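*Asks:*
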Ligand SMILES: NC(=O)c1ccc[n+]([C@@H]2O[C@H](COP(=O)([O-])OP(=O)(O)OC[C@H]3O[C@@H](n4cnc5c(N)ncnc54)[C@H](O)[C@@H]3O)[C@@H](O)[C@H]2O)c1
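Numbering (the numbering used here), first residue to last: 91 to 430.
Right under this line is the structure:
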């Protein structure tokens, strides 16, 4: 029997987020991380990876030139994603790139086309698509447990962590937009976003986005770096039931068999409030980051398009770009332009 060869990875970027990815790839045991890179060697030294850990370089081209490396994990600042991502693919390596994928749909489309040409996987770090709770919720929606979906609401608030090089929309938006697309499962057609900068000019710290999908379903998304408490909630309101996913709760997913119906054939409008109780829904305990890293390796092995593959990355980028245009024009209704 032939043993499967371990996938070999390299990683670029060991700032605040990169080490989380690195730890998961190393401890997962399904791959070998051979070489890692950062502009600052101290970022590598402080990880204390030991003799058996990956080697270090300050020049990411060393990773691209190593023929044994199958895939590269990119956790550098967003403005570098396009340039580095393009070089990774051109070197014939699979690409995992952190969110936001790139900074425009034009760049996203260019990387997606390149990945098809060189037959390599792109996976974008839309981490919450790998959260077992979000996946269970999306499954219940598909199984018609809440009936026709009216709208969904997403709230992601905390005090910080403030960024100075991008708005709250570009920081948190990729997560929420990717979840909205996954749960609604329809084509987004227009976006309205308002927001406000309070501390830094031109860097909104709060954003309110409404995405309208084909068929009229809406996703209302609130993102804020200025809130007293950490809140991460996803609510689905449907014709015959409702779902609440509270990422921070011990029982994070609940199905409410609650609905309201307009009574038929009455002169005055009357409503029936139906309450069939609430069921907690069991959610697997796997960490989203663990599932995300495992999925990247599986997709390299099988050649399968990742859940958050290039096509998903492009779709999220198109919505993000439209939301950003709307925000810059004071909340103008903005149609989604261009090819998906
Ligand atoms: N998925 C998530 O939940 C999540 C959470 C936080 C950050 N992120 C994303 O991860 C990425 C990195 O964020 P961060 O907070 O770690 O940023 P950071 O600034 O803390 O770290 C980036 C690192 O990249 C290194 N770097 C930059 N250019 C490089 C180059 N050319 N070669 C080698 N190294 C280079 C820098 O030295 C730095 O250490 C961003 O895209 C961010 O949006 C994702």
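Here a beta-carbon is modelled for each residue, glycine too, at the ideal position from N, C-alpha and C. Owing to the predicted nature of the structure, the values given are computational and were not obtained by experimental measurement.
Note the first and the last residue of the continuous alpha helix (DSSP H) segment covering residue 363.
*Replies:* The sequence position of residue 363 within the chain shown is 273, counting from 1. Element bounds for residue 363: not the alpha helix (DSSP H) but the beta strand (DSSP E), 361-370.
*Asks:* Would you call the region 409-420 and the region 287-304 touching, i.e. three or more CB-CB distances under 8 Å?
*Replies:* Segments in contact, yes.
*Asks:* Buried or exposed: residue 294, going by 16 or more other Cβ atoms within 10 Å of its Cβ?
*Replies:* For the purposes of this step, residue 294 is taken as the residue at position 204 of the chain shown. Label assigned to residue 294: buried.
*Asks:* If you measure from each residue's Cβ to the nearest non-hydrogen atom of ligand 1, which ones come out under 6 Å, in chain order?
*Replies:* In chain order, the qualifying residues are 102, 103, 104, 105, 106, 107, 108, 127, 128, 129, 130, 133, 150, 165, 166, 167, 168, 170, 188, 189, 215 and 217.
*Asks:* Under 8 Å by Cβ, that's how I've got residue 215 and residue 188 pegged, so tell me the actual separation to the nearest angstrom.
*Replies:* In the chain shown, counting from the first residue as 1, residue 215 sits at position 125. In the chain shown, counting from the first residue as 1, residue 188 sits at position 98. That pair is a contact at about 4 Å.
*Asks:* Report all residues from its chain with a CB closer than 6 Å to the CB of residue 210; omit the five preceding and five following residues, and keep chain order.
*Replies:* In the chain shown, the residue the question calls residue 210 occupies position 120. Cβ neighbours of residue 210 beyond the five flanking positions: 179 and 184.
*Asks:* By the 10 Å Cβ neighbour count, where 16 or more other Cβ atoms means buried, how is residue 249 classified, buried or exposed?
*Replies:* Here residue 249 is taken as the residue at index 159 of the chain shown, counted from 1. Classification for residue 249: exposed.
*Asks:* Compare the beta carbon distance of residue 373 and residue 226 with 7 Å and say whether it is the shorter of the two.
*Replies:* Position 283 of the chain shown, counting from 1, holds the residue named residue 373. Position 136 of the chain shown, counting from 1, holds the residue named residue 226. Yes. Within cutoff.
*Asks:* So what does residue 127 bridge to, in DSSP terms?
*Replies:* Start at 1 with the first residue of the chain shown, and residue 127 comes out as number 37. Its beta-bridge partners are 102 and 147.
*Asks:* If we call anything under 7 Å between Cβ atoms a contact, is residue 201 one with residue 165?
*Replies:* Position 111 of the chain shown, counting from 1, holds the residue named residue 201. Position 75 of the chain shown, counting from 1, holds the residue named residue 165. In this structure, residue 165 does not lie closer than 7 Å to residue 201 by Cβ.
*Asks:* Touch check for the region 125-137 and the region 145-154: three-plus C-beta pairs under 8 Å?
*Replies:* Touching, yes, given that three or more Cβ pairs across the two stretches are closer than 8 Å.
*Asks:* Tell me which residue opens and which closes the beta strand (DSSP E) that residue 142 is part of.
*Replies:* By one-based count along the chain shown, residue 142 stands at place 52. Per DSSP, residue 142 belongs to no beta strand (DSSP E) and is neither H nor E.
*Asks:* Leaving out five residues before and five after residue 365 in sequence, what residues of the same chain have Cβ atoms less than 6 Å from its Cβ?
*Replies:* Counting from one through the chain shown, the residue named residue 365 turns up at place 275. Within the same chain, residue 365 has close Cβ partners 348.
*Asks:* Under the rule that 16 or more other beta-carbon atoms within 10 Å means buried, what is residue 312, buried or exposed?
*Replies:* Reading the chain shown from its first residue, position 222 is the one you call residue 312. The residue in question, residue 312, is buried, as its Cβ has 16 or more Cβ neighbours within 10 Å.
*Asks:* Curious, which full-length beta strand (DSSP E) runs of at least 3 residues does the region 267-322 contain?
*Replies:* As far as the region 267-322 is concerned, its whole beta strand (DSSP E) runs of at least 3 residues are 278-286, 296-303 and 308-314.
*Asks:* Could you pull the start and end residues of the alpha helix (DSSP H) that residue 115 belongs to?
*Replies:* Counting from 1 along the chain shown, the entry for residue 115 is found at position 25. 108-118 is the extent of the alpha helix (DSSP H) around residue 115.
*Asks:* Use the C-beta contact count for residue 419: other C-beta atoms within 10 angstroms, 16 or more gives buried, fewer gives exposed.
*Replies:* Residue 419 sits at position 329 when you count from the first residue of the chain shown. Residue 419 should be labelled exposed.
*Asks:* Residue 94 to residue 120, Cα distance in whole Å?
*Replies:* As a working note, residue 94 is residue 4 in the chain shown. As a working note, residue 120 is residue 30 in the chain shown. If I take the Cα positions, the gap works out to 10 Å.
*Asks:* As a quick exercise: from 108, 415, 141 and 100, pick the residue whose alpha carbon is nearest that of residue 149.
*Replies:* In the chain shown, residue 149 corresponds to position 59, counting from 1. Residue 100 is the option with its Cα nearest to residue 149.
*Asks:* Can you give me the Cβ contacts of residue 197 inside the same chain, cut-off strictly under 6 Å, excluding the 5 residues immediately before and after it?
*Replies:* On the chain shown, residue 197 is found 107 positions in, with the first residue counted as 1. Counting only Cβ-Cβ distances below 6 Å, and skipping sequence neighbours, we find 172.
*Asks:* When you compare only the Cα positions, how much space is there between residue 421 and residue 292?
*Replies:* As a working note, residue 421 is residue 331 in the chain shown. As a working note, residue 292 is residue 202 in the chain shown. Between residue 421 and residue 292, the C-alpha separation is close to 15 Å.
*Asks:* Going by CA-CA distance only, name the one from 384, 288, 117 and 392 that's closest to residue 317.
*Replies:* Working through the chain shown from its first residue, we reach residue 317 at position 227. Measuring from the Cα of residue 317, the nearest candidate turns out to be 288.
*Asks:* Tell me whether residue 368 is buried or exposed, calling it buried when 16 or more other Cβ atoms sit within 10 Å of its Cβ.
*Replies:* Translated into the one-based positions of the chain shown, residue 368 becomes position 278. Exposed, since its Cβ has fewer than 16 Cβ neighbours within 10 Å.
*Asks:* Near residue 241, what residues of its chain come up, given a Cβ to Cβ distance below 6 Å and the 5 sequence neighbours on each side ignored?
*Replies:* Mapped onto the chain shown, residue 241 falls at position 151. 308 and 327.
*Asks:* With three or more C-beta pairs closer than 8 Å as the rule, is the region 268-279 touching the region 216-223?
*Replies:* Short answer: they touch.
*Asks:* How do the region 229-237 and the region 327-345 stand: do at least 3 beta-carbon pairs fall below 8 Å, yes or no?
*Replies:* Counting Cβ pairs under 8 Å, three or more are found: they touch.
*Asks:* Using alpha carbons as the reference points, say which of 278, 356, 192 and 194 lies closest to residue 303.
*Replies:* Against the chain shown, residue 303 aligns to sequence position 213. Closest option to residue 303, Cα to Cα, is 278.
*Asks:* Using only alpha-carbon positions, find the residue among 138, 103, 117 and 140 that is nearest to residue 167.
*Replies:* Looking up residue 167 in the chain shown gives position 77. Minimum Cα distance to residue 167 is reached at 103.
*Asks:* Terminal residues of the continuous beta strand (DSSP E) containing residue 241?
*Replies:* The residue labelled residue 241 in the question sits at position 151 within the chain shown. Looking at the DSSP string, the run of the beta strand (DSSP E) that includes residue 241 is 239-249.
*Asks:* Is the beta carbon of residue 425 closer than 7 Å to that of residue 276?
*Replies:* Position 186 of the chain shown, counted from the first residue, corresponds to residue 276. Position 335 of the chain shown, counted from the first residue, corresponds to residue 425. It is not a contact, given that the beta carbons lie outside the stated cut-off.
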